[in-house]
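Structure, as structure tokens:
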Amino acid sequence: MRRYCQNVDITDIGFIERCIYLWMENKKSRRDVQRFFAHYTTFTYQQIRKMVRIGEYSWLLDCVHKIAEDVQKRLIDERLDLPPIEFKDKYDDVCGKWRRIGIQKPIHQIFDYIAVEACKDMFMAKIGPYQMASIRGRGQERGAKRVKEWIRVDKKNCRYWVKGDVRKCYPSIPHDKIKALFARDVKNKKLLWLIHELIDSFPEGLSIGSYFSQFACNYYLSQAYRYVSELRKARRKRSGGVTSVRLVHHEIWFMDDVLLLGSSIKDLEQAMRLLAGYMESCLGLTIKPTWRVYETDYIGPDGEHHGRDIDMMGYRIYCDHLTIRRRTFKRHRRALLRVKAKIGRGEELTLAEARKVMSFKGKFKHSNSFGIRKSLKLDKVSAKARAVISAYDRARQDKINDERRQWDDYKSTCCGETAGNPVHGPFGWLFRCLDQKKYHQAKIGFG
1095 MRRYCQNVDI
1105 TDIGFIERCI
1115 YLWMENKKSR
1125 RDVQRFFAHY
1135 TTFTYQQIRK
1145 MVRIGEYSWL
1155 LDCVHKIAED
1165 VQKRLIDERL
1175 DLPPIEFKDK
1185 YDDVCGKWRR
1195 IGIQKPIHQI
1205 FDYIAVEACK
1215 DMFMAKIGPY
1225 QMASIRGRGQ
1235 ERGAKRVKEW
1245 IRVDKKNCRY
1255 WVKGDVRKCY
1265 PSIPHDKIKA
1275 LFARDVKNKK
1285 LLWLIHELID
1295 SFPEGLSIGS
1305 YFSQFACNYY
1315 LSQAYRYVSE
1325 LRKARRKRSG
1335 GVTSVRLVHH
1345 EIWFMDDVLL
1355 LGSSIKDLEQ
1365 AMRLLAGYME
1375 SCLGLTIKPT
1385 WRVYETDYIG
1395 PDGEHHGRDI
1405 DMMGYRIYCD
1415 HLTIRRRTFK
1425 RHRRALLRVK
1435 AKIGRGEELT
1445 LAEARKVMSF
1455 KGKFKHSNSF
1465 GIRKSLKLDK
1475 VSAKARAVIS
1485 AYDRARQDKI
1495 NDERRQWDDY
1505 KSTCCGETAG
1515 NPVHGPFGWL
1525 FRCLDQKKYH
1535 QAKIGFG
């Protein structure tokens, strides 16, 4: 069996810096990240916050290098010293469940990125092509459209479907089993040590909210994905010979939800029983026993829909169209009606309401919802919301531009012997190298 990651050096300073830049993409404006940066620079948290806002990042290169040196030392010494993970319970409106979310400190997140980037080739090789979660380009919309295409093109082999759900997937994954799986496929002692340390940092199973956990969970479930794809049965031919046929013709996973499609009720029932037994005995996971085989939606000779639609990945999938899941649709419709009524009264939308409208628009855009879009006047409402967001962004950018001009002006006065002020380096006005009167008159001075 092929093994992976033998040529990856996770202690290489260049590799660590690349992982840090990947980690902090779209995170630099977060307060916890800015406080983390302050530990590795001579600037205070308030100074870093101001510089990030005006787009001044000349200090970041040295900061990232110092973080990388600290991370490298911890990896070489094999002492991560990770701070404890904070947990909070969050209600998931989409499925109506309470979920326990793990909140990791920035240094912990960096080690997650190092582990994932080091295992990237292995993850891409092992995770199945229709495990539609965590991987860029494999989202809910692509998965739902793929199922719809199967139903439309391969009607013979998609006559029936069954959907299974793994009970408490993340916290139920046994540490010893997932460690053994990584040890089987990873040929890199230092990387394997890091992976084991990250797994042991979770009190039980894996943690929802961890960057490493989402890839590790997909990788762990890929064993079940391959098991289903290899399920076959013997069938006798009329000529007397025996042929092997698949129990399941199509499968798609959305993290811990699995959808199987086939041509026979008995085949799908057998496949689901075998899958449940395999996951319990080999993976230590349980599929909820509430599964049931249904006939796939189709249009009969009378022109009406028969069978049952597939409710998965936030959509209801029919043979010829997609609609939004009923619970999600009700929540979106209720919010849009409130916004529509507010516009009708001539009131201005708040920024939060405008952003909510634009986020909801995506679901209607990727589903067959022309009628409801028309009745809710979604295009008109979204245009109003877009105008509110644009006005806010323009005002914010104008303020940032003013602050940036002040920064450049004060920086230029501190880069030479001017007005009796000595040279204090490129960040002069941060350290009060201007005279006190000018410093106190500065609109964006740092306290």
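Going by our numbering, the first residue of the sequence shown is number 1095, and it counts up by one from there.
Glycine included, C-beta positions come from ideal geometry on N, C-alpha and C.
Residue i versus residue j: straight-line alpha-carbon distance, rounded
i, j, result
"Y1305", "Y1207", "7 Å"
"K1478", "S1453", "14 Å"
"A1277", "V1260", "24 Å"
"L1300", "G1438", "48 Å"
"R1143", "A1132", "10 Å"
"N1120", "E1211", "18 Å"
"S1056", "R1498", "Look at the range of the chain in this structure, 1095 to 1541, and you will see that residue 1056 is not part of it."
"E1442", "K1436", "7 Å"
"F1205", "G1233", "25 Å"
"R1168", "L1174", "5 Å"
"D1492", "Y1486", "10 Å"
"K1621", "D1503", "Lying before the first or after the last residue shown, residue 1621 is absent from the chain, which here runs from 1095 to 1541."
"M1407", "K1239", "10 Å"
"R1425", "P1223", "32 Å"
"R1124", "L1154", "15 Å"
"R1097", "D1103", "15 Å"
"T1337", "K1327", "8 Å"
"K1271", "D1351", "20 Å"
"C1113", "I1161", "11 Å"
"A1446", "N1495", "24 Å"
"L1545", "K1360", "This structure gives no information on residue 1545, because the portion of the chain shown stretches from 1095 to 1541."
"G1334", "H1344", "28 Å"
"F1109", "F1137", "26 Å"
"R1427", "G1465", "13 Å"
"V1247", "G1237", "15 Å"
"P1297", "E1291", "12 Å"
"E1150", "R1480", "28 Å"
"C1311", "T1135", "36 Å"
"S1152", "Q1203", "23 Å"
"D1156", "D1126", "19 Å"
"W1471", "G1440", "This sequence places Lys at residue 1471; Trp is not what is there. Approximately 16 Å between the Cα atoms of the pair."
"D1187", "S1506", "52 Å"
"L1395", "R1332", "According to the sequence shown, residue 1395 is Pro rather than Leu. Taking the straight line from one Cα to the other gives about 32 Å."
"T1422", "G1190", "10 Å"
"V1482", "T1444", "8 Å"
"E1172", "D1164", "12 Å"
"K1434", "K1284", "57 Å"
"G1231", "R1490", "32 Å"
Proximity of residue i and residue j at Cβ, strictly below 7 Å
i, j, result
"N1282", "Q1100", "yes"
"R1432", "R1419", "no"
"Y1319", "Q1225", "yes"
"V1256", "V1387", "yes"
"M1349", "A1227", "yes"
"L1377", "Y1254", "no"
"T1105", "I1170", "yes"
"V1158", "E1111", "yes"
"S1316", "K1214", "no"
"L1368", "S1266", "no"
"T1417", "S1461", "yes"
"Y1115", "Q1128", "no"
"E1389", "G1397", "no"
"H1269", "I1245", "no"
"F1458", "R1467", "yes"
"F1217", "G1196", "no"
"V1146", "K1184", "no"
"W1501", "I1107", "no"
"L1355", "C1263", "no"
"I1381", "G1456", "no"
"V1451", "S1476", "yes"
For residue j and residue i, believed in contact at Cβ under 8 Å, the rounded distance
i, j, result
"V1322", "A1365", "7 Å"
"V1280", "L1288", "That belief does not hold up - the Cβ atoms of V1280 and L1288 are roughly 10 Å apart, past 8 Å."
"S1357", "K1250", "6 Å"
"D1403", "D1414", "That belief does not hold up - the Cβ atoms of D1403 and D1414 are roughly 11 Å apart, past 8 Å."
"L1176", "S1295", "5 Å"
"I1302", "R1193", "6 Å"
"V1339", "R1329", "5 Å"
"Q1198", "I1179", "6 Å"
* 3 or more residues per run - each beta strand (DSSP E) lying fully within the stretch 1159-1242 -> 1180-1186 and 1191-1197
* To do: Would you list, in sequence order, the uninterrupted alpha helix (DSSP H) runs of no fewer than 4 residues that lie entirely inside the stretch 1240-1328?
  => 1263-1266, 1269-1279, 1283-1294 and 1305-1323
* Asked: Where in the stretch 1342-1380 do unbroken runs of the beta strand (DSSP E), each at least 3 residues long, occur, reported from the N-terminal end onward?
  -> 1344-1348 and 1351-1356
* To do: Within the stretch 1419-1500, note down every full alpha helix (DSSP H) run reaching 4 residues or more, in order along the chain.
  => 1420-1438, 1445-1459 and 1464-1469
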